[in-house]
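Let me begin by presenting the structure, written as structure tokens, before commenting on it.
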Amino acid sequence: MKAPKFSYVRADSVEQVLDLLDRHGDDARILAGGQSLMPTLNMRLSQPKILIDINRLHALTGISLLGNRVRIGALTRHVEVANSAVVAQHLPLIAEAMPHVAHVAVRNRGTFGGSIALADPAAEMPACVLALGATLVLQSATSRREVEAADYFQGLYETARRPDELLVEALIPVPRAFSVSVFSELAQRHGDFAIAGVAFHLEIHRGVVADARLVYFGSESRPTLAQRAGSAIVGRSIDAASVAAAASALDSDLSPMSSPHGSSRMRLHLQRVLTRRALATAAERARAA
Amino acid sequence: MSEDTAQVSLVVNGERVTRTVPVRQHLVDFLRTDLGLTGSHLGCEHGVCGACSVRVDGRVVRGCLMLAAQADGAEVVTIEGLDDTGEIADLQAAFVARNALQCGFCTPGMLMTAAELLAEKQQKSREEIRTFLSGNYCRCTGFHAIVDAIETTLAKRLGR
């Protein structure tokens, strides 16, 4: 179908965007890559009064190393993240996840911040920023605040962003020494929405897990940090017993949604399968490092 | 400030085009109906099938997920332009030789996406070619012949 009627503003400055958001709030939508917004318009699932096109705002683009954090501007396209030497060197979790983000043509246009702003439960980047303990920067006409990823994702497509705020950048801590990350997901075809997925970030000292941030997505209403599964392997080596303990702890960490792509039970099973595989990979990577 | 229409000036297949477009019109409708470039096809209109693939500023994108108003200042290449330049003449010949199309509806999009893969000039396995094409649907060929055609063209370009 064709998109419904809306007003369109091609913004020339961040200040203009913030002013428009201040005035229109929920009636406005930010048009960044448009790879999720345009389908919902074409299918008439959403009908905003005004689209604010931010594609000319170069201030919102770019990837840079700032001290011990990597800054990724919200308007940075997935393809730029995928090709970034900074990301490849410092954020291997995101580099590993990137090929799973939809398809070539979508990565060429879709944006890093757009994915985080939308918070689709099957999206890869929200899971990665949660696993890496990123800080998300939200700006309004009157304030600028930093929100931890752990506080940002609140529910199905629900985030801490207020209607008058624009997500401007993500600040992602460079993983410390002894860090190992693993990304894996299951989808019906490559690039389709994940029905189960994991973004793991661990610290492994001499074979012993010192810290484990095990994030699950695809099955939950939002990216979910599995506290009990993480605790089950901290202080232990990755072996059959500790992996089994982590996998069984998922019962209390997760409450998978049912959909035509898989029942709640099946998705919990798949997350356990991914947990076993990803922890085995993490152990191999720690040994090789 | 915000209007129902927008002025756009862009380069399409090497020619400067200036028009007033409805802001709700997506790029591929503009190309097809306003410019008569009907090689880009309209399938699902929500970014799933890939039939509307066009090249914008050097990269393949979904023509149905971008507004015509957003193409202001852009350089757009459609399948007609790609055909004219001869950039994919070898790929087109391989599609014919391998029977990589039947109804032809998906073919322009397949060629646009495959052109980007070929432009990377990197060796790719059949599996990697399939992954690259995962955003383009063909409902006739079963994909084998399309992968054959791309694999053959890539091998020739890499001199193998």
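Quick mapping for you: the protein sequence lines, in order, are chains A and B.
So for the first sequence, this note's numbering puts the first residue at 62; every next one is plus one.
So for the second sequence, this note's numbering puts the first residue at 112; every next one is plus one.
We put the CB at the ideal spot given by N, CA and C, even for glycine.
Predicted model only: the values in this text are computed from it and were never measured.
Have a look at the options and flag the residue whose alpha-carbon is nearest the alpha-carbon of residue i.
i: VAL171 of chain B; options: A:ASN103, A:LEU102, A:ARG170; result: A:ARG170
i: ASN247 of chain B; options: B:LEU138, B:SER236, B:GLY154, B:ILE199; result: B:GLY154
i: THR131 of chain B; options: B:SER164, B:LEU178, B:GLY158, B:LYS232; result: B:LEU178
i: LEU179 of chain A; options: A:ARG105, A:ARG223, A:SER145, A:ALA146; result: A:ARG223
i: LEU228 of chain B; options: B:ALA204, B:ALA260, B:HIS255, B:VAL207; result: B:ALA260
i: GLY158 of chain B; options: A:GLN249, A:ALA158, A:TYR69, A:LYS63; result: A:LYS63
i: ILE155 of chain A; options: A:LEU191, A:HIS266, A:MET318; result: A:LEU191
i: GLN297 of chain A; options: A:ILE265, A:VAL142, A:ALA308; result: The sequence as given places Arg at residue 297 of chain A; Gln does not occur at that position. Checked all of A:ILE265, A:VAL142, A:ALA308; the closest Cα to ARG297 of chain A is A:ILE265.
i: ASP73 of chain A; options: A:VAL142, A:ILE115, A:THR101; result: A:ILE115
i: PRO411 of chain A; options: A:LEU152, A:ILE91, A:GLY86, A:LYS66; result: Look at the range of chain A in this structure, 62 to 350, and you will see that residue 411 of chain A is not part of it.
i: THR304 of chain B; options: B:ARG127, B:GLY147, B:ARG135, B:ALA230; result: With chain B represented from 112 up to 271, any question about residue 304 of chain B goes unanswered, as that position is not in the structure.
DSSP on residue i, reduced to helix/strand/coil?
i: LEU244 of chain B; result: coil
i: ALA256 of chain B; result: helix
i: GLY216 of chain A; result: strand
i: ASP312 of chain A; result: helix
i: LEU229 of chain B; result: helix
i: ARG289 of chain A; result: helix
i: LEU148 of chain B; result: coil
i: ALA260 of chain A; result: strand
i: PRO133 of chain B; result: strand
i: GLN118 of chain B; result: strand
For a contact meaning CB atoms closer than 9 Å, what does residue i contact in chain B?
i: MET104 of chain A; result: GLU156, HIS157
i: ARG130 of chain A; result: Within chain B, no residue comes near ARG130 of chain A; the closest Cβ sits about 28 Å away, beyond 9 Å.
i: VAL190 of chain A; result: Those within 9 Å of VAL190 of chain A in chain B number zero; the least Cβ separation is about 23 Å.
i: ARG250 of chain A; result: SER245
i: VAL140 of chain A; result: ARG170
Run through chain A and tell me which residues come within less than 8 Å of residue i, C-beta to C-beta.
i: ALA180 of chain B; result: TYR69, ARG71, ASP114
i: MET177 of chain B; result: GLY95, MET99, ARG170
Identify the contact partners of residue i in chain A, using a Cβ-Cβ distance below 9 Å as the criterion.
i: GLU227 of chain B; result: VAL165, ALA166, ASN169
Could you list which residues in chain B have their beta carbon closer than 7 Å to that of residue i, in chain order?
i: ALA146 of chain A; result: Simply none; closest approach about 17 Å.
Taking Cβ-Cβ distances shorter than 8 Å, what residues in chain B pair up with residue i?
i: MET62 of chain A; result: GLU156
Grab me the residues of residue i's own chain with a C-beta within less than 8 Å of its C-beta, minus the 5 sequence neighbours each way, in chain order.
i: GLU48 of chain A; result: This structure leaves residue 48 of chain A out entirely; chain A is present only between 62 and 350.
Leaving aside the five residues before and after residue i along the sequence, list all residues of the same chain whose C-beta is less than 6 Å from its C-beta, in chain order.
i: TYR69 of chain A; result: LEU112
i: ARG346 of chain A; result: VAL241
i: MET99 of chain A; result: none
i: ALA306 of chain A; result: ALA293
i: LEU126 of chain A; result: VAL147
For residue i, which residues of its own chain have a beta-carbon under 7 Å away from its beta-carbon, when the five flanking residues on both sides are left out?
i: GLY123 of chain A; result: GLY134, THR137
i: PHE67 of chain A; result: PRO109, LYS110, ILE111, LEU112
Identify the contact partners of residue i in chain A, using a Cβ-Cβ distance below 7 Å as the criterion.
i: GLY161 of chain B; result: ALA166
Meets three-Cβ-pair contact criterion under 8 Å: the stretch 247 to 265 of chain A and the stretch 113 to 125 of chain A: Short answer: they don't touch.
contact_flag[the stretch 190 to 201 of chain B, the stretch 78 to 89 of chain A] where n(CB pairs < 8 Å) is 3 or more: Contact check between the stretch 190 to 201 of chain B and the stretch 78 to 89 of chain A: fewer than three CB pairs, one atom from each, fall below 8 Å, which does not count as touching.
At least 3 beta-carbon pairs within less than 8 Å: the stretch 210 to 224 of chain A vs the stretch 281 to 295 of chain A: yes
Stretch pair the stretch 230 to 242 of chain A + the stretch 129 to 146 of chain A: three plus CB contacts closer than 8 Å: Yes, the stretch 230 to 242 of chain A is in contact with the stretch 129 to 146 of chain A.
Sufficient close CB pairs (3 or more, under 8 Å) joining the stretch 156 to 172 of chain B to the stretch 162 to 178 of chain A: yes
Touching by the beta-carbon criterion (3+ pairs, under 8 Å), the stretch 285 to 300 of chain A and the stretch 259 to 276 of chain A: yes
Sufficient close CB pairs (3 or more, under 8 Å) joining the stretch 231 to 244 of chain B to the stretch 252 to 266 of chain B: The stretch 231 to 244 of chain B, when compared against the stretch 252 to 266 of chain B, does touch it at the 8 Å Cβ threshold.
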